[in-house]
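Quick note on this note's numbering: the sequence shown kicks off at 6 and runs consecutively. Notes to accompany the following structure.
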Amino acid sequence: MTLQEAAYARHSVRAYEDKPIPKDVKSALEEKIADINARSGLNFQLVADEPEAFDCFLAHYGKFENVKNYFALVGRARDNLQEKCGYYGEELVLFAQTLGLNTCWVALTYKKVSGAYKTERGEKLALVVSVGYGKTQGTPHKSKGADTVCEAPENAPLWFTEGVKGALLAPTAVNQQKFKFILHENNVVEAVPGVGFYAKVDLGIAKYHFELFAGKENFTWKE
C-alpha cells in the first residue's frame, strides 16, 4: 500500500481488538518515529501496552474501546508545535495504515499517565494518536467542495487541484475542514489555518496531504 492509497483507506477508528502489536510491526514504527524525530526535531514516542490513558470518563464518553497503544506527540513548546505535530503526525499515521494498523487523532479525551512517555526540558505533550487493530476500518468523512477550501485561477495546474483533493482527505477536528490553500504566482502556495480548536494541527495534517498529492517538487510554501 502506498501512502496515497493509505490516505484513501485510512479513517478514524476508536474501538480496537484486544490484540497486541507484533514485535516486527513495533520495530517498523519505532524506526519511522526515529526518522521523523531526526528530521523534525520533535520527540514522538510509541507508547505500547499502556491501558490507563484511555481508561477514564472522557475516553469512555468519546467511545474509545481497548486502546492500549498510542503515539505521544511531544515537542518543544514553540509557536509552531501544533502545526508540526499535525504535519509529521499524519506522516506517522499514514505509515501505520500501510502496516495494517488503524488510528485516531485524540486531543482531549484521554488522561496523561506519568512515566508512560518522556518529555525533556522545554517540551510538552501536544496530543496523542491511538493506534492498534480496529474492530472496523472506520467510515469516510463528508468533505466540502474543493472550491470552498482553495483560491486559484480557473486554469490552475493539475498538481494544485490534486493537492487540494488530497487535503480534503485529511482528518480535522470534528471534520471542520477550515483550512484554505491559495495559489500565488511562481507556483507559491499559501496554507491558511481556520479559526477553532486545534486549527493549526488540522493545517499541518492538511499540508502533509497536499504535499503528498501535489508533489513537493512542483511548488514552494509561502513563508
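Glycine included, every Cβ here is placed at the ideal spot set by N, Cα and C.
DSSP beta-bridge partners of GLU95: Looking at the DSSP assignment, GLU95 forms no beta bridge with any residue, so it has no partner.
Whole-number beta carbon distance between THR108 and SER135, since they are thought to touch under 8 Å: 6 Å
Residue range of the alpha helix (DSSP H) that includes GLY209: 204-219
Boundaries (first-last residue) of the beta strand (DSSP E) holding GLN9: Segment 8-14 is the alpha helix (DSSP H) holding GLN9; no beta strand (DSSP E) there.
contact_flag[the stretch 66-73, the stretch 185-192] where n(CB pairs < 8 Å) is 3 or more: no
Assumed close pair VAL200, LYS183 - CB separation to whole angstroms, cut-off 8 Å: 7 Å
Which of helix, strand or coil DSSP assigns to CYS90: helix
Inter-residue CB distance, LYS140 and LEU130 (contact presumed, cutoff 8 Å): Going by Cβ atoms, the distance from LYS140 to LEU130 rounds to 27 Å, so no, they are not a contact pair.
Span separating the alpha-carbon of PHE215 from that of ARG44: 19 Å
Nearest neighbour of ALA175, chosen from GLU159, GLY46, PHE218, VAL193 [CA to CA]: PHE218
Distance, GLU36 Cα to LEU106 Cα: 16 Å
Cβ pair count under 8 Å reaching 3, the stretch 43-57 against the stretch 73-92: yes
Pair within 8 Å by beta-carbon distance, ALA33 and LEU104: yes
C-alpha gap between LEU113 and PHE100, whole angstroms: 23 Å
ALA101, DSSP secondary structure in three states: helix
Proximity below 8 Å, CB of GLU22 to CB of ASN85: A distance of 8 Å or more separates the beta carbons of GLU22 and ASN85.
Residue closest to THR225, alpha-carbon to alpha-carbon, out of VAL179, PHE62, GLY168, LYS28: GLY168
Candidates LYS221, GLU222, LEU208, of which the one nearest GLY91 by Cα: LEU208
Proximity below 8 Å, CB of VAL98 to CB of ASN48: No, the Cβ-Cβ distance between VAL98 and ASN48 is not below 8 Å.
Cut-off 7 Å between Cβ atoms - residues of its own chain near TYR138, not counting five sequence neighbours on either side: TYR21, GLU22, LYS24, LEU106, ASN107
Rounded straight-line distance, which links the Cα of ASN160 to that of GLY94: Distance between GLY94 and ASN160, taken at the CA atoms: about 33 Å.
GLY143 to VAL18 span [Cα, whole Å]: 5 Å
8 Å contact criterion, which VAL154 and ALA172 should meet: CB distance rounded: 7 Å
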